[in-house]
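Structure, as structure tokens:
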Amino acid sequence: MLRWPHPKKRLRPEETTLSRSKKAVFEDVHIFLVERKMGRSRRSFLTQLARSKGFVVEDVLSDAVTHVVSEDSEASSLWAWLKGHSPSDPSKMHVLDISWFTDSMKERRPVAVETKHLIQDVLPEVSTPPSVVAVSQYACQRRTTTENHNKTLTDAFEVLAENYEFNEMEGQCLAFRRAASVLKSLSWQVRSSHQVHDLPCLGETMEELVEEILQYGRSFEVAKILSDERFQTLKGFTSVFGVGLKTAEKWYRRGLRTFPDVMAEPSIRLNRMQQSGFLHYGDISRHVSKAEALALGNIIDEAVHAIAPNGILTLTGGFRRGKEFGHDVDFIVTTPERGQEEGLLTNIIKHLKHQGILLFCDFQPSSFDLSKLPSHRFEAMDHFAKCFLILKLEGHQVEGGLCRAEGDSRDWRAVRVDLVSPPLDRFAFTLLGWTGSRQFERDLRRFARLERRMLLDNHALFDKTKNEFLAATSEKDIFAHLGLEYIEPWQRNA
Ligand code: CTP
Ligand code: MN
Ligand code: MN
């Protein structure tokens with residue numbers, strides 16, 4: 001790089017006047033030299049030099065300035081100074097390192113501005129992004145894709161929510177689930193706790209939690225929970241198919257901590273579901289890939305059509321929301337033949353059994369009775385015929401092969417599959433209910449109840465004001481009845 005000799009002597013006033021009068025050649029470039037760090041004499045020397053080469057150099061920082069040149073390498077203090085002294089937005093000017101100036105002098109023309117010349121503002125305005133004003137407290141009024149920009153935060157919030165659940169503090173649990181869901185919906189990454197200040201469902205303690213995580217990369221409380229024996233044990237036990245929180249607690253209170261502890265305890269009688277849960281634990285605790293879900297779709301579709309040519313199989317749950325992985329695969333099976341849906345399901349089960357791929361089946365017959373609707377129970381299970389299955393999936397059936405554990409040489413794995421079979425006229429409600437996510441469903445129901453005086457569940461939508469059921473043949477109909485903008489399945493990952 002060209003070194004600048006220091007001026008040998010102070011320039012006399014008449015010389016200044018002389019060089020000032022030289023005609024400017026590069027009219028659209030107006031340079032301003034920042035005196036800070038550069039010093040008065042060097043600034044004045046450089047000014048003369050540039051002017052003598054036909055450059056326009058402004059004495060004051062005005063709107064006319066296009067190129068600010070500084071020898072101050074500390075960007076933050078320079079930008080702070082510029083913001084305090086510029087009549088207009090300094091980010092509209094080129095704010096440049098002295099190298100741009102020396103290069104231009106050497107070339108005897110203003111060289112093109114390159115990234116290497118720029119002194120960038122290190123602190124881009126951390127104001128709250130404009131989208132904040134539009135964030136609704138209801139997940140069903142937010143669009144949440146599978147892309148989570150705030151995973152560190154939502155993971156921490158979810159650990160806290162789960163811990164509250166384990167301690168039967170439902171209110172706190174829900175509060176943290178809601179807050180995590182709001183953070184998941186953001187199309188931007190939270191970088192400062194101020195940014196969450198105006199978000200719904202995030203109170204002061206949560207703002208402090210966000211601040212702690214942003215500052216230290218983790219939360220002390222979350223770390224404590226994760227290493228807590230009770231939390232770890234309950235988390236482990238409830239990860240077994242068929243083991244709920246009540247059972248997990250019972251085992252914990254008896255002093256059991258591990259799966260072998262449970263197996264070795266003679267007084268424990270596992271039910272059928274739990275036996276299968278332990279038997280296939282390695283397989284079904286591993287996620288299911290999209291390719292595996294598609295393969296299962298083909299297998300079940302074949303079964304459906306072998307039994308009922310008019311049968312309709314629809315993928316639902318997390319995979320319908322565009323997730324790449326799931327803990328199971330969820331399907332709705334139905335038929336236009338009224339009253340045949342339950343028979344369809346039992347025949348599919350028989351077919352799978354005959355194929356030798358049914359490892360476990362818990363069939364729950366329909367208890368659906370329209371006259372008993374609407375259900376006022378907020379998170380009531382639906383009454384349609386359904387089954388919770390474990391199926392054997394073979395490697396050759398899956399494009400790209402199975403998701404296998406390391407060292408596993410089997411050519412098959414066990415996979416959890418849920419099938420639900422509503423009557424066709426209930427299909428839209430079932431599809432909406434089973435597509436999830438859980439948080440999205442909760443908020444759809446809460447919104448219906450609180451904002452519309454309506455009751456929504458997997459069977460029906462009831463208008464309490466009109467005292468009547470509202471019919472729907474598609475999810476769009478239901479959103480329309482609720483006066484909600486339609487949210488696509490892949491935007492329901494709340
Ligand atoms: N569901 C339901 N009634 C049931 C079981 C499930 O309404 N008896 C709904 C849940 O509310 C959820 C959806 O079905 O919205 C899917 O449930 P689940 O398979 O547990 O979750 P996914 O969202 O599919 O997540 P994953 O990918 O982990 O399976
Ligand atoms: Mn699922
Ligand atoms: Mn499921």
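Numbering (UniProt numbering), first residue to last: 1 to 494.
Where a beta carbon is used, it is the ideal one built from N, C-alpha and C, also for glycine.
Query - Segment contact flag, the region 394–405 with the region 430–443, C-beta cutoff 8 Å, min 3 pairs - result: no
Query raised in the report: According to DSSP, what are the bridge partners of G326?
Result: V288
Query raised in the report: So what does S70 bridge to, in DSSP terms?
Result: D97
**Report entry** Sequence ranges, beta strand (DSSP E) only - wholly within the region 357–403, length at least 3
**Finding:** 358–364, 385–394
Query raised in the report: From S371, K372, D369, N347, pick the residue whose C-alpha is nearest to that of F363; which is it?
Result: N347
Report task. Mind checking who R413 pairs with in its DSSP beta bridge? Result -> L393
Report task. Indicate, with yes or no, if ligand 2 has a heavy atom lying under 7 Å from the CB of G297. Result -> no
Query raised in the report: Roughly how far, in whole angstroms, is the beta-carbon of A293 from the beta-carbon of F319, given that I think they are within contact range, below 8 Å?
Result: 5 Å
Report task. Output the distance between the C-alpha atoms of S285 and N163, rounded to the nearest integer angstrom. Result -> 20 Å
Report task. Using the Cα positions of E207 and Q189, report the straight-line distance between them to the nearest angstrom. Result -> 15 Å
Query raised in the report: Would the beta-carbon of D382 be found less than 7 Å away from any heavy atom of ligand 2?
Result: no
Query - Cβ-based neighbour list, G433, same chain, cut-off 8 Å, excluding 5 preceding and 5 following - result: D382, E441, D457, N458
Query raised in the report: Between K184 and the rest of its own chain, which residues show a CB-CB distance below 6 Å, the 5 nearest in sequence each way excluded?
Result: T144, N148, T154
Report task. Return yes when the C-beta of H327 is under 7 Å from any heavy atom of ligand 2, and no when it is not. Result -> yes
Query raised in the report: Of the residues V60, E341, F55, which one's Cα is nearest the Cα of E107?
Result: F55
Query raised in the report: Which residues share a DSSP beta bridge with D418?
Result: D330, F388
Report task. Decide if L370 is buried, meaning its Cβ has at least 16 other Cβ atoms within 10 Å, or exposed. Result -> exposed
Query raised in the report: Which stretch, first to last residue, makes up the beta strand (DSSP E) that contains L461?
Result: 461–463
Query raised in the report: Under the three-state reduction of DSSP, which class applies to D121: helix, strand or coil?
Result: coil
Query raised in the report: From which residue to which residue does the alpha helix (DSSP H) around T435 run?
Result: 427–435
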